[in-house]
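In terms of this note's numbering, the sequence shown opens at residue 6 and continues consecutively.
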Amino acid sequence: MRVLELYAGIGGMHIAFKGSTVKHEVVAAVEINDVATDVYKYNFPNTLTLNRVIESFSPDYVCSLNANIWSLCPPCQPFTRLGKRMCEADKRSSSFFHVLDLISILKPTGIILENVKGFEHSEPWRQLIEVLNSCDYEYRPDIKSLNFIS
Numbered sequence: 006m007r008v009l010e011l012y013a014g015i016g017g018m019h020i021a022f023k024g025s026t027v028k029h030e031v032v033a034a035v036e037i038n039d040v041a042t043d044v045y046k047y048n049f050p051n052t053l054t055l056n057r058v059i060e061s062f063s064p065d066y067v068c069s070l071n072a073n074i075w076s077l078c079p080p081c082q083p084f085t086r087l088g089k090r091m092c093e094a095d096k097r098s099s100s101f102f103h104v105l106d107l108i109s110i111l112k113p114t115g116i117i118l119e120n121v122k123g124f125e126h127s128e129p130w131r132q133l134i135e136v137l138n139s140c141d142y143e144y145r146p147d148i149k150s151l152n153f154i155s
């Protein structure tokens, strides 16, 4: 499995893949935050790490990475119960809509998405489900409590 990590942060999903029994290669990680990108590069020096806005990626470029699994951890601030809940009005959501366009065009084999409770009641979530349905994906939303993670 070849993984493209979008909204990579410091590499939480990369660590999750490393801890799994799934044979994988993270082919690229994309993160806009400079500090998080530096930490990611330090933690995973052999992974192509791109410090760019996701909207700058064309379908052709993403296709050239030859990743069949996309890992997404989009910004949670627009959706968190502790925040303003601006959802799609929050400019941090705009890149997610570009990712939805990329999914519609490129149709990766699998998508793993992590976000906060509240995302599942948002307009971006509704649009994600619409894209998944239009591309004939099967999906299973699942909400986990951190109380069960050790």
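All C-beta atoms in this analysis are idealised placements derived from N, C-alpha and C, irrespective of residue type, glycine included.
- [ ] Would you check if there are 3 or more beta carbon pairs closer than 8 Å linking the region 61-80 to the region 112-122?
- [x] Segments in contact, yes.
- [ ] May I ask you to list the residues that DSSP assigns as paired with alanine 34?
- [x] Looking at the DSSP assignment, alanine 34 forms a beta bridge with Glu10 and Thr54.
Open item on the list: Quick check on serine 61: buried or exposed, where buried means 16 or more other Cβ atoms within 10 Å of its Cβ?
Closed with: Using a 10 angstroms sphere on the CB of serine 61, the tally of other CB atoms stays under 16, which defines it as exposed.
Open item on the list: Across the region 17-34 and the region 98-107, are there enough close Cβ pairs to call them in contact, namely three or more that are closer than 8 Å?
Closed with: No: fewer than three Cβ pairs fall under 8 Å.
Open item on the list: For isoleucine 110 and proline 64, I'd like the C-alpha separation in whole angstroms.
Closed with: A direct Cα-Cα distance of roughly 7 Å separates isoleucine 110 from proline 64.
TODO: With serine 139 as the anchor, note down where its alpha helix (DSSP H) starts and where it stops.
DONE: Counting along the chain, the alpha helix (DSSP H) containing serine 139 begins and ends at 128-139.
Task: C-beta atoms of valine 58 and histidine 29 nearer than 9 Å - done: For valine 58 and histidine 29, no; Cβs fall outside 9 Å.
- [ ] Assign leucine 53 to buried or exposed, taking buried as 16 or more other Cβ atoms, counted over all protein chains shown, within 10 Å of its Cβ.
- [x] With fewer than 16 other Cβ atoms within 10 Å, it is exposed.
Open item on the list: Rounded to the nearest angstrom, what separates leucine 118 and lysine 46 at their Cα positions?
Closed with: Roughly 22 Å separates the two Cα atoms.
Task: CB contact flag (valine 40, proline 79, <9 Å) - done: Not a contact, by the Cβ cut-off of 9 Å.
Task: Inter-residue spacing [alpha-carbon to alpha-carbon] between tryptophan 130 and phenylalanine 124 - done: Tryptophan 130 and phenylalanine 124 have their C-alpha atoms spaced approximately 6 Å apart.
Task: Distance between asparagine 56 and glutamate 10 (C-alpha atoms, nearest Å) - done: Glutamate 10 and asparagine 56 have their C-alpha atoms roughly 12 Å apart.
Task: Three-way DSSP call (helix, strand, coil) for isoleucine 148 in this model - done: Reduced to three states, the DSSP call for isoleucine 148 is coil.
Open item on the list: Could you tell me the alpha carbon to alpha carbon distance between arginine 90 and asparagine 120, rounded to whole angstroms?
Closed with: Note that arginine 90 has pLDDT 48, beneath the 50 cutoff, so the model's placement of it is unreliable and no number is given.
Task: C-alpha gap between serine 25 and glycine 17, whole angstroms - done: Roughly 13 Å between the two C-alpha positions.
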